[in-house]
Amino acid sequence: MRFTTDGISYRDASIGDPVPVGSQLLSAAGVRDVENYSLFAILPNGEFEDIRLDETFDLRAKGVETFAYFESDRSFNFTIESRQMSWGKNLISGKALRNLAGVDARYSIYLEVRGGHDRLIEDHDLVDLAGKGIERFITVISETTEGLETLPSADRRFLEAHGLAYEIINDGGIGAVVIKDFALPPGKFDHDKVDVMIQLPAGYPDASVDMFYTLPWIKLNATNTYAACADVPQLFAGASWQRWSRHAEWRAGIDGIRTMVTRAQMAFEKAK
């Protein structure tokens with residue numbers, strides 16, 4: 144197990160009971176006056192789960208190994224990349240936010256300012272979470288580079304949580320994520336699986352993503368023809384991809400790879 148009080152430094156500890164209560168976990172972390180502390184489990188998806196002192200916590204079932212504890216009797220909630228998290232102090236640093244949420248170094252963190260300009264949060268900055276309402280943070284790519292190197296953490300978590308293997312490819316400064324062996328509706332096409340390629344423009348995830356592409360090319364079994372608006376080739380990274388023209392409004396700060404995967408699923412299901 145690992146424990147942290149600031150989201151930056153962690154210390155290892157062990158416990159013999161696989162189903163301890165909160166007070167046992169705090170004791171394992173070296174806390175003496177456990178009744179003065181609050182304890183949270185940091186779940187695999189990055190969210191926080193409050194653990195009462197007398198509440199049992201099954202380490203075997205949860206698969207949790209990281210905990211945060213604070214000398215405080217209250218917590219402060221905030222959201223980052225649409226995930227709700229908790230913190231045991233009113234102040235949190237930009238570096239702690241980045242570490243807790245797994246925000247890639249290529250992305251900047253902003254505090255959402257309602258009715259004003261969002262505030263850039265540097266690693267050394269402190270944010271007061273004790274204000275009225277829940278503070279909301281967003282992440283934006285810091286700079287545009289030649290090609291794409293990584294995905295925003297929210298996209299990576301989505302793909303990993305759904306067991307979707309992927310790779311990142313680049314061609315002429317344009318980056319794309321390729322989801323491997325994407326399952327198609329049973330019996331509908333002349334292949335059971337395809338690779339789905341999603342091109343990500345400079346400025347993604349705020350910049351709009353439109354179409355998606357597949358390899359190999361697929362035809363409908365019922366008609367032995369390509370689906371409507373899916374019969375145009377797109378050359379990318381040395382391959383001729385099948386272009387699926389499916390358009391919809393893009394919501395900056397909300398939409399991402401999850402949106403495009405859902406759009407592809409719907410397109411395959413409704414194709415005719």
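Per this note's numbering, residue 144 is the first one in the sequence shown, and the count goes up by one each step.
Backbone N, C-alpha and C fix where the C-beta goes; we use that ideal spot for every residue, glycine too.
> If you draw a straight line from the C-alpha of Val375 to the C-alpha of Gln385, how long is it?
Replying inline: 6 Å
>> Can you give me the C-alpha to C-alpha distance between Gln167 and Asp149, rounded to a whole angstrom?
In response: 20 Å
> Is the beta carbon of Ile277 less than 8 Å from the beta carbon of Asn220?
Replying inline: yes
> Given that a residue counts as buried once 16 or more other Cβ atoms are within 10 Å of its Cβ, and exposed if not, what is Arg128?
Replying inline: Because the chain here runs from 144 to 415, residue 128 falls outside it and cannot be looked at.
> Helix, strand or coil: how does DSSP classify Asn220 here?
Replying inline: strand
> Can you list, in chain order, the stretches of the beta strand (DSSP E) that have 3 or more residues and sit fully within the stretch 336-375?
Replying inline: 336-343 and 355-358
> First and last residue of the beta strand (DSSP E) that includes Ser181?
Replying inline: Ser181 to Ile185
>> Could you tell me the alpha carbon to alpha carbon distance between Thr402 and Val352, rounded to whole angstroms?
In response: 9 Å
>> Using CA atoms only, rank isn't needed, just tell me which of Pro187, Leu272, Glu208 and Glu190 is closest to Pro163.
In response: Glu208
> What does DSSP give as the partner residues of Met228 in its beta bridges?
Replying inline: Phe221
> So what does DSSP say about Phe146, is it helix, strand or coil?
Replying inline: strand
> By DSSP, does Ala382 sit in helix, in strand, or in coil?
Replying inline: strand
>> So for Arg401, helix, strand or coil by DSSP?
In response: helix
> To the nearest angstrom, how far is it from the Cα of Phe325 to the Cα of Glu224?
Replying inline: 25 Å
>> Tell me the DSSP secondary structure of Gly276 in three-state form.
In response: coil
> Around the C-beta of Met340, are 16 or more other C-beta atoms found within 10 angstroms, so that it is buried, or is it exposed?
Replying inline: buried
>> Is the beta carbon of Asp268 closer than 8 Å to that of Ser236?
In response: yes
> Run through DSSP, which three-state label would Ser388 get?
Replying inline: coil
>> Please tell me whether Arg154 has its Cβ less than 8 Å away from any Cβ of chain B.
In response: The structure shown contains no chain B; it holds only a single protein chain.
>> Taking its Cβ as the centre, do 16 or more other Cβ atoms sit within 10 Å of Gln227, making it buried, or is it exposed?
In response: exposed
> Would you report the Cα separation of Ala414 and Asp155, rounded to the nearest angstrom?
Replying inline: 52 Å
> Hey, Ile400 and Leu294 are a contact pair by Cβ (cut 8 Å); roughly how many whole angstroms apart?
Replying inline: 7 Å
> Using DSSP with H/G/I as helix, E/B as strand and the rest coil, what is Gly318?
Replying inline: strand
> So, are the CB atoms of Trp387 and Ala350 less than 8 Å apart?
Replying inline: no
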